[in-house]
Amino acid sequence: MKTAILLMGHGSRIPAANEALHAIAAMVRECTGFEIVEVSFREQHAPNIQKGIDACVAQGAQRVLLYPYFLFAGAHVLEDLPAEMEEAARRYPGLVMALGEPLGVHAKLGEIVCERIEDAMTRAGWDAPAKMAAR
Numbered sequence: 001m002k003t004a005i006l007l008m009g010h011g012s013r014i015p016a017a018n019e020a021l022h023a024i025a026a027m028v029r030e031c032t033g034f035e036i037v038e039v040s041f042r043e044q045h046a047p048n049i050q051k052g053i054d055a056c057v058a059q060g061a062q063r064v065l066l067y068p069y070f071l072f073a074g075a076h077v078l079e080d081l082p083a084e085m086e087e088a089a090r091r092y093p094g095l096v097m098a099l100g101e102p103l104g105v106h107a108k109l110g111e112i113v114c115e116r117i118e119d120a121m122t123r124a125g126w127d128a129p130a131k132m133a134a135r
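Set out below in structure tokens:
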């Protein structure tokens, strides 16, 4: 069964913000080996989620893992994305779909935040606490 990954982001009027999700998609394609990794946006940018699902199906996907590239499970993840799946299920009755979990709280994300804080402090010309410098 051919599987696709559909990354779903919020979407922005700022093009660079949307391009970041395309960069993540390239990383996901590389680390997973999935042939079909598409990007879609909830609002403010194309393709929307339904068009993203269409792109997956057009490439022969029989099942799609819809992955919300969101930090937390807010209204979009809990309400809007399941509604998008329901709409897609009506349009593609034989398509198997599953919804992944948002990024959430994870030790690796905590490490990234600490790195970014240290970078920001350095740019500001501030000394990082000894504990950060020892990492």
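So in our numbering, spot 59 of the sequence shown is number 59, and the numbers just go up one at a time. Glycine is no exception: its CB is placed at the ideal position from the N, C-alpha and C atoms.
- Annotation: the continuous alpha helix (DSSP H) that includes Met-85 extends over 81-91.
- DSSP places Ile-49 inside the alpha helix (DSSP H), whose first and last residues are 49-58.
- Membership of Gly-9 in the beta strand (DSSP E) is indicated by the continuous run 3-9.
- Between the alpha carbons of Val-113 and Ala-120 lies a gap of roughly 10 Å.
- Using a 10 angstroms sphere on the CB of Phe-72, the tally of other CB atoms stays under 16, which defines it as exposed.
- The C-beta of Leu-6 has 16 or more other C-beta atoms within 10 Å across all chains shown, which makes the residue buried.
- Counting C-beta pairs closer than 8 Å gives three or more between the segment 100-116 and the segment 52-71, which meets the contact rule.
- With 16 or more other Cβ atoms from the protein chains shown falling within 10 Å of its own Cβ, Ile-53 counts as buried.
- Taking Ile-36 as the centre and dropping the five residues before and after it, the same chain places the C-beta of Ala-4, Cys-56, Gln-59 and Ala-61 closer than 6 Å to its C-beta, in chain order.
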